[in-house]
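Everything in the sequence shown is counted per numbering that gives the first Met the number 0, starting at 0 for the first residue and increasing by one.
Ideal Cβ placement from N, Cα and C applies to all residues, glycine included.
Working notes, beginning with the structure itself.
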Amino acid sequence: MTFVHPEWLLLLVLPLTLGFWSVRRRGVGLRMPFDHETHASRRWLAMVLRGAELLPALLLAVAVVLIARPQVLMVPDRDRVATHITV
């Protein structure tokens, strides 16, 4: 696949960094005043929230690829006939 503006693909470093940071970040998020109770560990909820954290990085990566304007090279549907050539 080729791109009209391949220099924009350098910005893919930003979503990769954002995604890596959100996965490797330790600790809890924003603490609310009612967080004083202990909660049961819900592994599925943690995975859903981690996926939601990765969503902005994924959307940013898609936006960067769309800005770079990918091109798909295809064979033309019909052959062109050169009628203006004189022999």
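{"Asked": "For P32, count neighbouring Cβ atoms within 10 angstroms of its own Cβ and tell me buried if that reaches 16, exposed if not.", "Found": "exposed"}
{"Asked": "Rounded to the nearest angstrom, how far is the Cβ of L17 from that of A56, given a contact under 8 Å?", "Found": "4 Å"}
{"Asked": "With DSSP as the reference, identify every bridge partner of P69, one or two as the case may be.", "Found": "F2"}
{"Asked": "Please classify A81: is it buried, with 16 or more other beta-carbons within 10 angstroms of its beta-carbon, or exposed?", "Found": "exposed"}
{"Asked": "If you draw a straight line from the C-alpha of R69 to the C-alpha of D76, how long is it?", "Found": "Residue identity check: residue 69 is Pro in the sequence provided, not Arg. Distance between the alpha carbons of P69 and D76 is about 20 Å."}
{"Asked": "Rounded to whole angstroms, what is the Cα-Cα separation between P5 and S40?", "Found": "45 Å"}
{"Asked": "Mind reading off the beta-carbon distance from D63 to L15? Whole number of angstroms is fine, and I expect it under 8 Å.", "Found": "Note that residue 63 is Val in the sequence shown, not Asp. That belief does not hold up - the Cβ atoms of V63 and L15 are roughly 10 Å apart, past 8 Å."}
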